[in-house]
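Quick note on our numbering: the sequence shown kicks off at 1269 and runs consecutively.
One structure below.
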Amino acid sequence: MSSEESCVVRHFRYYHPVSDEDVVLLARLEDSATPVRAGTVLWEERDEAHEFCTLKHGWAFSYRELENGTRQILEIYLPGDIIGLREFAFSQRLAGVQMVEDGEVCFFPHRHLVDIFRQSLTLTSILFAIASRQQVLLTERLVNLARRNARQKVAHFILEMFQRLRQTEANGSDSLRLPLSQEILADLLGLSPVHVSRTFTALNDDGLVFRDRYQVNIPDLDALKQEAGFDDRYLIENMRPLFDGKEG
């Protein structure tokens, strides 16, 4: 498996260059890819937690089912993401995970990460950075839910997905594929599906976001950032100073 074929390797290289030996170690995380259909539940809350998975193709999301029958979506996972890192020290799943669309996942036991810890300082450091970033994404999601209005919530989320997709699918364009239904967006952003639809219409009327089914075009990136109050510091990573001994 070459690095050009692996979203996981591209994901790791976004943080820091990895050696050929490290690529071989990462390849173990994409062994035995399993095809999965849209809507497949990879695991449910309180299931036994003894393995992770990498998302080779397709999108997925984590969620919590609430007592009143509603659902809160916590995070969106993209190709190259490792799912389940937050549960490394837990015996039960803290949230469910479901596929958004058809894709491929690769399940691997916890011991594979332990092997990486033993053999590669670089990959161990990057894994720590990835886990830290997932925590920061959840923090930003909390701020988005609690303190931003509907236009800001939608605009901010679009910009976050745009930046994250650039990490492994850089194509130089100002558009992105967003294969999320209005129901998924509503459960993610704390809005109703109708409110999501009206907000996209308003952003379209103002020339900020053009959405055609699952394709989203951003005609003026700076204007959308201003609308959302978007600060991408939480999405920008650079571990090179750490390895060069130049951190402050």
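Quick reminder that beta carbons are idealized off the backbone N, C-alpha and C, glycines included.
Listed as beta-bridge partners of L1323 by DSSP are V1373.
With contacts defined by Cβ atoms closer than 8 Å, C1321 and C1374 form a contacting pair. Within the segment 1325 to 1351, the runs of beta strand (DSSP E) at least 3 residues long that lie entirely inside it are, in chain order, 1328 to 1333 and 1339 to 1345. Contact between V1477 and I1426 is confirmed by a C-beta separation of about 6 Å, below the 8 Å threshold. Rounded to whole angstroms, G1337 and P1461 show a C-alpha spacing of 16 Å.
For the pair of segments examined, the segment 1448 to 1458 was found not to touch the segment 1484 to 1492: the number of CB pairs separated by less than 8 Å stays below three. Per DSSP, F1498 is not a residue of any beta strand (DSSP E), being assigned neither H nor E.
DSSP places R1481 in the coil class of the three-state scheme, outside both helix and strand. With distances taken between CA atoms, D1455 lies nearest to A1418 out of Q1431, F1430 and A1418. DSSP places V1365 in the strand class (E or B) of the three-state scheme. The continuous alpha helix (DSSP H) containing T1469 extends over residues P1461 to D1473.
Per DSSP, reduced to three states, the secondary structure at V1286 is coil, with no helix or strand assignment.
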